[in-house]
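Participant:
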Amino acid sequence: MKLATWNVNSLKVRLPQVQQWLVDNPVDVLCLQETKTVDEKFPVAEIEAAGYQVAFTGQKTYNGVAILSRHPITDVTKNNPLLDDEQQRIIAGTIQGIRIVCAYVPNGQSPDSDKYIYKLNWLKALHEWLAQEQQQHPELALLGDYNIAPEDRDVHDPAAWAGQVLVSEPERAAFVRLQEMGFTDAFRMFEQPEKLYSWWDYRQMGFRLNRGLRIDHILLSAPLAARCSACVIDKVPRKWEQPSDHTPVIATID
DNA sequence: ATGGCTTCCGGAGGAAGA
């Protein structure tokens, strides 16, 4: 069972790349973030033609998440029931007995902004909801764009980024709290290449200079972590024409 | 450097991302 996550930065623009990537990487489950697509315009037929069922929730212009699956998706939940939030950032479903949670964590803009407060509150509510979900679904995977680089080794220039949004202590503490409730960062279960990231700034040749951050993650509950045999970041789509600024992360569950 | 790039909406240029 292969589970993947990819912030596509507009599914309308990136649909051909998603289709190509799924041909090259026929994963069982692909979680998408920043679809930026209202539900009425979601490309259901194109996704189904690629061999996937799909659950999604979107809005105009911003946010939007989706789960693509080769297997049936049941018990779909849209958004966090514990948080009154108009922004479409969470979709969950059960696939082959595994509870899949696809999340687009708020960016936070900067530590002195209202959006940062919203981000920390959002993460707190996520933690509380996952505690409930975990009770009902011991096999739980949280995939998505966390907008948090957990450690300095996940940052191309830790000194330059120190204290900024995506790396600040309160954000990293929220990530640690998810780990403390039993989730494992699948990527760090295995030996990995140095300086491998999941996002690179579009500006200033960020990708070519490898000025990146590892902010897209797959967290696995203990029963799933015990069955996880690999986790990789696929940089290939970041090299394509007109790429997303994020690239996919894939975990293999035996 | 109030920057840079990309996408959105809307039909110009500001907002938002990270």
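Under UniProt numbering, think of the first position of the first sequence as 1, with each following residue one higher. Glycine included, C-beta positions come from ideal geometry on N, C-alpha and C.
Assuming GLN19 and PRO237 form a contact by the criterion Cβ under 8 Å, report the distance between their Cβ atoms to the nearest whole angstrom.
Facilitator: About 12 Å; that fails the 8 Å criterion.
Participant: According to DSSP, ARG99 sits in a beta bridge with which residue or residues?
Facilitator: In the DSSP output, where bridge partners are listed per residue, ARG99 has THR94, LEU140.
Participant: Using DSSP's beta-bridge definition, name the partner residues of ASN7.
Facilitator: In DSSP, ASN7 forms a bridge with GLN33.
Participant: Tell me which residues share the same chain as PHE207 and place their Cβ nearer than 7 Å to its Cβ, disregarding the 5 neighbours each side in the sequence.
Facilitator: If we look at PHE207 and ignore the five residues flanking it on each side, its Cβ neighbours are TRP200, ARG238.
Participant: Since ASN79 and ILE90 are thought to touch, with beta carbons under 8 Å apart, how far apart are those beta carbons, to the nearest angstrom?
Facilitator: That belief holds up - the Cβ atoms of ASN79 and ILE90 are roughly 5 Å apart, short of 8 Å.
Participant: Apply the 10 Å Cβ neighbour rule to GLN179 and answer buried if 16 or more other Cβ atoms are within range, or exposed otherwise.
Facilitator: The residue in question, GLN179, is exposed, as its Cβ has fewer than 16 Cβ neighbours within 10 Å.
Participant: Contact defined as beta carbons within less than 8 Å: I believe GLY182 pairs with GLN136. What is the distance between those atoms, to the nearest angstrom?
Facilitator: In fact, because the Cβ distance is near 14 Å, the residues do not count as touching under 8 Å.
Participant: Suppose you measure from the CA of LYS41 to the CA of ALA159; what does that come to, to the nearest Å?
Facilitator: The alpha-carbon atoms of LYS41 and ALA159 are separated by roughly 43 Å.
Participant: According to DSSP, simplified to helix, strand and coil, what is VAL176?
Facilitator: Correct three-state label for VAL176: helix.
Participant: Hey, how far is the Cα of GLN88 from the Cα of TYR62?
Facilitator: Spanning the two alpha carbons is a distance of roughly 8 Å.
Participant: Based on the DSSP output, what are the partners of HIS246 in its beta bridges?
Facilitator: Answer by DSSP bridge pairing, in chain order: TRP199.
Participant: Across the region 238-252 and the region 149-166, are there enough close Cβ pairs to call them in contact, namely three or more that are closer than 8 Å?
Facilitator: With the cut-off at 8 Å, the region 238-252 and the region 149-166 do not touch.
Participant: According to the neighbour-count rule (16 or more other Cβ atoms, all chains shown, within 10 Å of its Cβ), is VAL29 buried or exposed?
Facilitator: Counting Cβ neighbours within 10 Å, VAL29 comes out buried, since at least 16 surround it.
Participant: Within its chain, find whatever has a CB closer than 7 Å to the CB of TYR118; leave out the 5 residues flanking it on each side and keep chain order.
Facilitator: Excluding residues within five positions, the ones whose Cβ falls inside 7 Å are PRO106.
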